[in-house]
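Written out below as structure tokens is the structure these notes cover.
Protein chains in written order, with my numbering: chain A, 3 to 419; chain B, 1315 to 1750.
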């Protein structure tokens, strides 16, 4: 097997066996599926600092021989989406997509395929570590004497996502396409283990929907806020628009006020309006807990019209627990389940079969009260009304439980350091 | 709907105001915790020996070490805030495997020695608390403490334990009270704080090095940076974090000051000879609290020592284990099973077993063992500091937050000072006649 560490520090000699320098680094371009080595960065030579891989004739025993004369060497021609393996990948953290975890790159496995040298694998095992300090041979003798196996721990390049490449966002977008295919909950777990800069880099690479879902999966508002603070305002507000308003309100409340206002201003008018309304309520009240994403229909509609209205609204799954019935001034008159709507005759007016005494809570109700109401009446969501019985939002059972239950046991990984 | 700029956030704003205060409180954390952990068994012993043997002569060192501490702690706190990574992460990413391996071996050895010292502190405190039990006291106390520490940390209740131990550090107020009640010559004390005194004797040099070594330890740099990084602060919070670091340093040094003064005004003033290799050394040092506590001086001293030792015994093995597993990319985390993270649990358990095991060695000179790591740590600093300076100057690590001229000048002076101290120490060993 060929490894990057075999190349690093190798002697480079030209066609006449004259010493040119030593290998400092290998340059790859991010071709799919495997990055291809395109250049060599040299050290120990003031004139020639790099060369193209095409002038390399062969290598063995820590020596790289060139096809050409040292005098005719041209510097390596730069390309976009280029990476320096030792500087940017080796020893850094990398996301293992199959294991869905963050690992450290101990060495890189290379392979010669049709004349090209490709990066095919990442060594994350103890053998890679030993190889780097020149102790792999010794280790193998020891394990052989003990009749033990010392397996290589390699993961395929296809299954990794380089976390940090450069501050260049274009490169990052390319780099994180694999990561973007994971479930938001998995991305959130991975992001949890990264440093703040790397977190933002991952988010920069996700589309708005995915970024919003991932952000919602991250439990700590402080971390959510710190991720958004490191993104530019335009991008951050786009992500916020794709999130549920109550999540946005919680998140903004954890940010410095100026930054939060900046973000709100950049958001679309009605999205921002919802969030602002939520922000006006104390966090420990029904108003602070509720979301403004609920489904309400006018009492004058027929069942068929109401169903048609639902089609237009295209509500998210979690907001159609119940369909609320309101008048023109948003007074809460009744409630329906989807089942009620569907089984009713299409031409029946909904006010004729809706449930009239709706269980609701006031805006200033405490979390405990909301929790008691939902559990007593077995509700999935409870509407929140003001003193005039106008509906302002709903509190879903999971949101209130999250607040009332003491810190969830067995949640995300506990951290001390 | 109103636009954001003219929006009033009545209730949530209240909350965000509260959040700001909380922010300060939560940011004022890592530095203060690190500062308090710094006054561990080795710290108390080092300062107490300094005061007992040389009176107020070493007080000026505290000012010098405060400056050194600031130079080191500010750098690591800044790196923690900006990169969100631990120190060993950065060392690995910047220097590669071989230098990291060397650094981790050094760190392991120094921290193992210090862990031994912490458990020895527990043994000594137990012996003071239960004098009638004789040696049995420590044969019982040390294993209990080891199991307790191992269990508490891995059960994730560490944060709570840490808070309790932090509150218990109020015990140190007793040193201040005792110092005042002993009526030391304050004029002389103040003078000695600001005017350096140097005695060219090996004993003095050793205490001098151990005071420096107990105050500025490599493991504290790792601990502080992990702690700061774990907070997930934004670079905008850097000012808070600097305040926090400053407060932490002040607390460390003020406690050290009063320990030295209390010992100087009592043990030293009454010409009690304290020899660290003497088994009764701690009993003599405990006399420093007699002006406050009278017959209970020993009890009070023992509680302080026990608390300091327990705190450091929980923090130190964990910090070391995190540093090493982080550097080599081993699975880690207190919530992982042995199958998931074998290296993590092996290193962690080894440190505790080693620490507790050596501390129970029959006839071990307790005060000497608790003072030894100070010397080891003091010697390691000139090796760690250049690493910190290189990292803190690296544009790719800290970007715009890398060291400025002032930070570099300060770090340079500190490096020269610490190297000088080390050379002096080596000279005192290899050229015994040099200092008479």
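Yeah, the Cβ is synthetic: ideal placement off N, Cα and C, and Gly gets one too.
Taking residue i as the reference, give the member of the options with the closest Cα.
i, options, result
"residue 1693 (chain B)", "B:1679, B:1423, B:1414 and B:1348", "B:1423"
"residue 121 (chain A)", "A:113, A:127 and A:128", "A:113"
"residue 38 (chain A)", "A:60, A:26 and A:83", "A:83"
"residue 1394 (chain B)", "B:1432, B:1541 and B:1343", "B:1541"
"residue 1728 (chain B)", "B:1388, B:1685 and B:1654", "B:1388"
"residue 1406 (chain B)", "B:1725, B:1684 and B:1644", "B:1644"
"residue 220 (chain A)", "A:196, A:25 and A:207", "A:196"
"residue 1606 (chain B)", "B:1591, B:1629 and B:1576", "B:1576"
"residue 270 (chain A)", "A:203, A:293, A:242 and A:262", "A:242"
"residue 1371 (chain B)", "B:1409, B:1511 and B:1589", "B:1511"
"residue 1567 (chain B)", "B:1516, B:1361 and B:1698", "B:1361"
"residue 1735 (chain B)", "B:1343, B:1379 and B:1354", "B:1379"
"residue 27 (chain A)", "A:18, A:42 and A:13", "A:42"
"residue 1346 (chain B)", "B:1479, B:1563, B:1551 and B:1461", "B:1563"
"residue 1689 (chain B)", "B:1496, B:1481, B:1531 and B:1440", "B:1531"
In angstroms, rounded to a whole number, what distance separates the CA positions of residue i and residue j?
i, j, result
"residue 216 (chain A)", "residue 44 (chain A)", "42 Å"
"residue 1587 (chain B)", "residue 1599 (chain B)", "10 Å"
"residue 1445 (chain B)", "residue 1595 (chain B)", "14 Å"
"residue 1348 (chain B)", "residue 1625 (chain B)", "11 Å"
"residue 1602 (chain B)", "residue 1569 (chain B)", "14 Å"
"residue 1717 (chain B)", "residue 1706 (chain B)", "6 Å"
"residue 326 (chain A)", "residue 185 (chain A)", "32 Å"
"residue 1435 (chain B)", "residue 193 (chain A)", "41 Å"
"residue 22 (chain A)", "residue 53 (chain A)", "11 Å"
"residue 363 (chain A)", "residue 1631 (chain B)", "51 Å"
"residue 162 (chain A)", "residue 98 (chain A)", "5 Å"
"residue 1468 (chain B)", "residue 1649 (chain B)", "7 Å"
"residue 380 (chain A)", "residue 335 (chain A)", "20 Å"
"residue 1399 (chain B)", "residue 24 (chain A)", "32 Å"
"residue 300 (chain A)", "residue 281 (chain A)", "27 Å"
"residue 1433 (chain B)", "residue 1679 (chain B)", "13 Å"
"residue 191 (chain A)", "residue 203 (chain A)", "15 Å"
"residue 342 (chain A)", "residue 324 (chain A)", "10 Å"
"residue 1725 (chain B)", "residue 1738 (chain B)", "20 Å"
With a threshold of 8 Å between beta-carbons, can residue i be considered close to chain B, or not?
i, result
"residue 292 (chain A)", "no"
"residue 224 (chain A)", "yes"
"residue 24 (chain A)", "no"
"residue 37 (chain A)", "no"
"residue 94 (chain A)", "yes"
"residue 247 (chain A)", "no"
"residue 228 (chain A)", "yes"
"residue 11 (chain A)", "no"
"residue 153 (chain A)", "no"
"residue 2 (chain A)", "No answer is possible for residue 2 (chain A): it lies beyond the span of chain A, which begins at 3 and ends at 419."
"residue 14 (chain A)", "no"
"residue 198 (chain A)", "yes"
"residue 454 (chain A)", "Given a span of 3 to 419 for chain A in the structure shown, any question on residue 454 (chain A) remains unanswerable."
Can you find a C-beta in chain A that's less than 8 Å from the C-beta of residue i?
i, result
"residue 1415 (chain B)", "yes"
"residue 1548 (chain B)", "yes"
"residue 1369 (chain B)", "no"
"residue 1269 (chain B)", "Nothing can be reported for residue 1269 (chain B): it is not among the residues displayed for chain B, which extend from 1315 to 1750."
"residue 1411 (chain B)", "yes"
"residue 1643 (chain B)", "yes"
"residue 1338 (chain B)", "For residue 1338 (chain B), the predicted model reports a pLDDT of 49, less than 50, meaning its position is unreliable; a value from the coordinates is still stated below. Judged by the 8 Å Cβ criterion, residue 1338 (chain B) is not in contact with chain A."
Would you mind giving the Cβ-Cβ distance between residue i and residue j, rounded to the nearest angstrom? I have them listed as a contact below 8 Å.
i, j, result
"residue 66 (chain A)", "residue 6 (chain A)", "13 Å between Cβ atoms; not a contact."
"residue 15 (chain A)", "residue 87 (chain A)", "Not really, about 21 Å apart at Cβ, beyond 8 Å."
"residue 134 (chain A)", "residue 154 (chain A)", "Not confirmed; about 14 Å, so no contact."
"residue 284 (chain A)", "residue 275 (chain A)", "With 8 Å as the limit, residue 284 (chain A) and residue 275 (chain A) do not qualify as a contact, their Cβ atoms being about 19 Å apart."
"residue 1571 (chain B)", "residue 1363 (chain B)", "About 15 Å; that fails the 8 Å criterion."
"residue 1287 (chain B)", "residue 1637 (chain B)", "The shown model of chain B, from 1315 to 1750, leaves out residue 1287 (chain B), and the question about it has no answer."
"residue 265 (chain A)", "residue 235 (chain A)", "6 Å"
Is the CB of residue i under 8 Å away from at least one CB in chain D?
i, result
"residue 1399 (chain B)", "No chain D appears in the structure shown, which is made up of the protein chains A and B."
Beta strand (DSSP E) segments (min. 3 residues) lying fully within the region 100–142 of chain A: DSSP runs (the beta strand (DSSP E)) wholly in the region 100–142 of chain A: 103–106, 109–115 and 118–125.
Entirely enclosed alpha helix (DSSP H) segments - the region 174–219 of chain A, minimum 4 residues: Within the region 174–219 of chain A, the complete alpha helix (DSSP H) segments at least 4 residues long are 186–194, 198–207 and 210–219, listed from N- to C-terminus.
Whole beta strand (DSSP E) elements within the region 252–328 of chain A, 3-residue minimum: Annotation: the region 252–328 of chain A contains the following complete segments of the beta strand (DSSP E) (minimum length 3 residues), in chain order: 297–300 and 325–328.
Complete runs of the beta strand (DSSP E) confined to the region 339–409 of chain A [at least 3 residues]: Taking only runs of at least 3 residues, the beta strand (DSSP E) segments lying wholly in the region 339–409 of chain A are 383–387 and 393–398.
Whole beta strand (DSSP E) elements within the region 50–74 of chain A, 3-residue minimum: DSSP runs (the beta strand (DSSP E)) wholly in the region 50–74 of chain A: 52–54, 58–62 and 65–68.
Minimum length 4: unbroken alpha helix (DSSP H) runs contained in the region 1371–1417 of chain B: Taking only runs of at least 4 residues, the alpha helix (DSSP H) segments lying wholly in the region 1371–1417 of chain B are 1373–1397 and 1401–1409.
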